[in-house]
Structures are given as structure tokens and as C-alpha cells.
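Input: a single structure, listed below in C-alpha cells.
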Amino acid sequence: MNDPRPLYERAAEQFAGLVKTVTPDRLDAPTPCPEFDVRALLSHVVGGTHRIALVGGGGDGLSVPAHADGIADDGWSAAYDVARSRFAEAWADDAKLARPVTVPWGAETPGAAAVGGYVMETLAHTWDLSQALGHPLPLEQELAEIILPLAREVLPVEPRGGPVPFGAVQEAPEGSDAYTQLAAWLGRAV
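Right, dumping it as C-alpha cells:
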């Protein structure tokens, strides 16, 4: 993936659309990620977006928490818009895609691979949020169809757990859409 930024922009726009449907009474709802309710999931995605923006700006992403604190119940949409604007600014220079960066999980990788990883992260959490909210919007299947083969390539079946933050691969039901297949590959019970 030479330039994953357009995919990231599409994925972030889709996630932003879902965030706009979140009402304060849904923030405590469970998600397919056992460690996250909707509020914690939004906090994780906003914080992670700030982290990848910091990486694009030359930082290592470890100095920014993996979550966002202090967001008002009705402020998640605005908080995510700020984070994704920061991402776009940090990664605007094409040369950054070829430069090695240190990603929050400690590896050194080309910038394009780091952004590609966050496309996968955003799509996975889009599925999580959509599930938690009862599917208020249709998901753009093409995005998951593009990322699914990449996920299978970069995240092998073993090892999982421990330092690899994904559970064991789950079986996706026959005929599942690309998002459900991606979620199963990333260890979500589908």
C-alpha cells in the first residue's frame, strides 16, 4: 500500500458518521471489545488518532496516552474531528510515507505501513461501534475488502495475545461481509 492516506480519510469519515449517532445514553453500552464500552472505545480511537498524528509529526506515539480523557458526553464528535484534522496535518507531506517511524507498539516501520495499520484499526473499531449501536448506518464494504487481505498478511494466526493485542482468530459465519470477516480475523466473537 503505497499511500494509505486516502483509505484512512474514508475510514475516518465513516467512523465520524457513526460517532455522530452516539447519544449520551449509549456511552455505557457494551461493544464487541470486552474491555471497552462505547465511551471507552471512543476514547481509545480519539487517543489513538492523536498518537498516529504524533508519529506523523516525528514522535514515537508512546508519549501520548492510548485514550482521550476529559471529553464531555456530547463532545465525542468534535473531539474526533480535532484528532483526525491533526492526523491529516501531520501526514500531509508525501515524504513521510517512506520514512521509518516508531509506532506505539514499539516497532520501526515505514510511515505508509503505520498509516495502513491505523486504517485497519479504524475499520475494526468502526465495526465494533456499529455493532454496539445496532447498525445505524451502512458500512462501506470496499474499505474492509481492501484491508482484509492486508490484515491476514500482517497479523498471522500465531502468535496472538500477550504483546500481540489480538485474540485468537474466530470463525466468521458463511457468507459474512468483509467487516465481519475482518472482525473475526482480529479475534472478535462474531
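In the numbering used here, the protein residues as written are 528 to 717. Glycine included, C-beta positions come from ideal geometry on N, C-alpha and C.
Residues of its chain near residue i, where Cβ-Cβ distance is below 8 angstroms and the 5 sequence neighbours each way are ignored
i      : result
Ala625 : Pro637, Gly638, Ala639
Gln668 : Asp704, Ala705, Tyr706
Pro551 : Asp600, Asp601
Glu635 : Pro627, Val628, Thr629
Neighbourhood of residue i by C-beta, 6 angstroms cutoff - its chain only, sequence neighbours within 5 removed
i      : result
Leu713 : Ala651, Phe693
Val696 : Val684, Trp712
Ala710 : Trp654, Val717
Tyr706 : Trp654, Leu666, Ala671
Thr580 : Note that residue 580 is Ala in the sequence shown here, rather than Thr. Closer than 6 angstroms at Cβ, skipping near neighbours: Arg613, Phe614, Ala617.
Ile598 : Ala606
Asp587 : Thr629
Ala699 : Thr707, Gln708, Ala711, Val717
Glu701 : none
Anticipated Cβ contact below 8 angstroms, residue i with residue j, distance rounded
i      : j      : result
Val565 : Arg553 : 6 angstroms
Val582 : Val628 : 5 angstroms
Thr767 : Ala556 : The question about residue 767 has no answer, for the chain in this structure spans 528 to 717.
Leu545 : Ser703 : Not confirmed; about 20 angstroms, so no contact.
Ser604 : Ala543 : 7 angstroms
Thr548 : Pro663 : 4 angstroms
Met647 : Ala606 : With a Cβ gap of about 22 angstroms, Met647 and Ala606 do not count as contacting.
Near the ligand ADP: residue i beta-carbon under 6 angstroms from a heavy atom
i      : result
Val609 : Only the bare structure without any ligand can be found here, which leaves the ligand ADP out of the picture.
Where the alpha helix (DSSP H) through residue i begins and ends
i      : result
Thr707 : 705 to 712
Glu540 : 532 to 546
Neighbourhood of residue i by C-beta, 7 angstroms cutoff - its chain only, sequence neighbours within 5 removed
i      : result
Gly584 : Ala617
Asp655 : Thr558, Pro559, Cys560, Leu568
Pro592 : Gly574
Leu589 : Pro631
Arg715 : Pro559, Gln697
Asn529 : Ala639
Phe563 : His571
Residue i: first and last residue of the uninterrupted beta strand (DSSP E) it sits in
i      : result
Pro721 : Residue 721 lies beyond the residue range present for the chain, which begins at 528 and ends at 717; the question has no answer from this structure.
Subject >> Inter-stretch contact at 8 angstroms, needing at least 3 Cβ pairs: the region 663 to 676 / the region 533 to 551 >> reply: yes
Subject >> Any beta strand (DSSP E) of 3 or more consecutive residues that is wholly inside the region 649 to 681 >> reply: none
Original post:
Are the region 601 to 617 and the region 573 to 587 touching, with three or more C-beta to C-beta distances below 8 angstroms?
Top reply: yes
**OP:** Give, in chain order, every unbroken run of the alpha helix (DSSP H) that is at least 4 residues long and sits entirely within the region 569 to 628.
**Re:** 603 to 617
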